[in-house]
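J.: Counting with the numbering used here, you get residues 917 to 1237 for the letters of the sequence shown. One structure is given below, represented as structure tokens, and several questions about it will come after.
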Amino acid sequence: MEEAQRILDVNGLTTHYITKKAPVKAVENVSFEIGSNEIFGIVGESGCGKSTLAASLLRLLKPPGKIISGEVFFDGVDLLKLPSKDLRRLRWNRLSYIPQGAMNSLNPVMKVGKQIEEVIKIHKGKIPKREMKKRIEELLKSVGLDPVVANSYPHELSGGMKQRTIIAMATALSPRLIIADEPATALDVVVQRGILQLLLHVKEQMNSSIILITHDMAAQAEVCDRLAVMYAGDIVEIGDIRRLLGDPQHPYSQALISSIPSLTEEKHLKGLPGFPPDLRFPPSGCKFHPRCSRFMPGLCDKVPPLTLEVKGREVECHLYK
917 MEEAQRILDV
927 NGLTTHYITK
937 KAPVKAVENV
947 SFEIGSNEIF
957 GIVGESGCGK
967 STLAASLLRL
977 LKPPGKIISG
987 EVFFDGVDLL
997 KLPSKDLRRL
1007 RWNRLSYIPQ
1017 GAMNSLNPVM
1027 KVGKQIEEVI
1037 KIHKGKIPKR
1047 EMKKRIEELL
1057 KSVGLDPVVA
1067 NSYPHELSGG
1077 MKQRTIIAMA
1087 TALSPRLIIA
1097 DEPATALDVV
1107 VQRGILQLLL
1117 HVKEQMNSSI
1127 ILITHDMAAQ
1137 AEVCDRLAVM
1147 YAGDIVEIGD
1157 IRRLLGDPQH
1167 PYSQALISSI
1177 PSLTEEKHLK
1187 GLPGFPPDLR
1197 FPPSGCKFHP
1207 RCSRFMPGLC
1217 DKVPPLTLEV
1227 KGREVECHLY
1237 K
């Protein structure tokens, strides 16, 4: 991807959780880029570091989490070196976040309209009451909600309505990049589809880019342009969504996709032996090698490079060295 097309460029990002016994290496030397007006998916099993990666990009990590090294360039500015005051101005304004468990992120004792109003006021200053009311109504309409929702408390809304409200808040200032961490979790499949269609609508209306983090690869196949597969804190494969799902190259990507049931054909669902590694004491070299059916002694215990151009994608595996 040409540099002019990128809005986010992540280089060697490493994040650990500091514990007494040993640091938990939740994100290790991760690199990727996001293009303008792109939906970039991140997938992997629970505990692989997806949410930690999202929090690291926004510098929202809570102790004992700590960013050890790396660069996160957003529109040419390294977010990891940006003073906290400047970063706060950037968040919600040009860079917004839909957190995991977003339905529980609303203030339970404040009306929905007032919460959206706060977001706008903090970044844009005081706005005439009539203009603010109109703006909130337009935002709620844009996410498929009736403007009367502005006068409701969160407990009066369904799960899908709360999720749409959070998306309205995240898009209130037309950000360039939205990081959505499991935006459709705990919702029924009909509401999930509505949320995904809403994210597509937001992308088209605002020309925003989106990082979509979810376990649901079927959802990502529907809306994403490219996909990154994470395992034990590493990104092991990045590529065009159709190519990667149709012909995965990394053994972990292959195992992950082979575990998905098909609606059109009968197939044997495969599982993986063993368990994900303890990230305090990860295996040497490729972290997947203790569970890999294509393990090569003497080679896989060394860290593999993120190889370029393996059938048009990046794969971190000694098979392609």
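Heads up, the beta-carbon is just placed ideally off N, CA and C, and yes, glycines get one too.
Would you identify the three-state DSSP class for Leu1003, choosing helix, strand or coil?
T.: Locating residue 1003 in the sequence shown gives position 87, counting from the first residue. Reduced to three states, the DSSP call for Leu1003 is helix.
J.: Would you kindly work out how many angstroms separate the C-alpha atoms of Val1227 and Pro1167, rounded to a whole number?
T.: Within the sequence shown, numbered from 1, the residue matching residue 1227 stands at position 311. Within the sequence shown, numbered from 1, the residue matching residue 1167 stands at position 251. Inspection of the sequence shows that residue 1227 is occupied by Lys rather than by Val. Approximately 15 angstroms, taken between the alpha carbons.
J.: Determine, using beta-carbon pairs with one atom in the region 919-930 and one in the region 1095-1106, whether at least three such pairs fall under 8 angstroms.
T.: In short, these stretches do not touch, since the Cβ pair count stays below three.
J.: Could you pull out every residue in the same chain whose Cβ sits closer than 7 angstroms to the Cβ of Pro1199, ignoring the five residues on either side in sequence?
T.: By one-based count along the sequence shown, residue 1199 stands at place 283. Taken in chain order, the residues that qualify are Pro1193, His1205 and Pro1206.
J.: With a threshold of 7 angstroms between beta carbons, is Leu1114 in contact with chain D?
T.: Absent from the structure: chain D. Only one protein chain is present.
J.: Distance, Cα to Cα, Met1026 vs Ile1173?
T.: Counted from its first residue, the sequence shown places residue 1026 at position 110. Counted from its first residue, the sequence shown places residue 1173 at position 257. Taking the straight line from one Cα to the other gives about 43 angstroms.
J.: Tell me where the alpha helix (DSSP H) around Ala1137 begins and ends.
T.: Taking the sequence shown and counting its residues from 1, the one referred to as residue 1137 is at position 221. Looking at the DSSP string, the run of the alpha helix (DSSP H) that includes Ala1137 is Met1133 to Val1139.
J.: How many angstroms separate the CA atom of Val1028 from the CA atom of Leu1161?
T.: If you number the sequence shown from 1, residue 1028 lands on position 112. If you number the sequence shown from 1, residue 1161 lands on position 245. C-alpha separation (whole angstroms): 39 angstroms.
J.: Are the CB atoms of Ala942 and Gly957 within a distance shorter than 7 angstroms?
T.: One-based indexing of the sequence shown puts residue 957 at position 41. One-based indexing of the sequence shown puts residue 942 at position 26. No.
J.: What residues in its chain sit with their C-beta under 6 angstroms from that of Val1231, if we drop five residues either side in the sequence?
T.: What you label residue 1231 is simply residue 315 of the sequence shown in a count that begins at 1. Around Val1231: Glu1153, Gln1165, His1166 and Thr1223.
J.: Suppose you measure from the CA of Val993 to the CA of Arg1196; what does that come to, to the nearest Å?
T.: Walking along the sequence shown from the start, residue 993 turns up at place 77. Walking along the sequence shown from the start, residue 1196 turns up at place 280. Looking at the two C-alpha atoms, the distance is approximately 32 angstroms.
J.: Assess, as a yes-or-no matter, whether the region 1028-1042 is touched by the region 1088-1096 under the definition of 3 or more beta carbon pairs within less than 8 angstroms.
T.: Taking 8 angstroms as the limit for Cβ pairs, the verdict is that the region 1028-1042 does touch the region 1088-1096.
J.: Roughly how many whole angstroms lie between the Cα atoms of Ser952 and Val1219?
T.: Residue mapping note: residue 952 aligns to position 36 of the sequence shown, counting from 1. Residue mapping note: residue 1219 aligns to position 303 of the sequence shown, counting from 1. Distance between the alpha carbons of Ser952 and Val1219: 32 angstroms.
J.: Cα separation between Leu974 and Val1139?
T.: As a working note, residue 974 is residue 58 in the sequence shown. As a working note, residue 1139 is residue 223 in the sequence shown. Approximately 23 angstroms between the Cα atoms of the pair.
J.: Report yes if the CB atom of Asp991 is closer than 7 angstroms to the CB atom of Ile1082, and no otherwise.
T.: Locating residue 991 in the sequence shown gives position 75, counting from the first residue. Locating residue 1082 in the sequence shown gives position 166, counting from the first residue. No; because the gap between Cβ atoms is not below 7 angstroms, this pair is not in contact.
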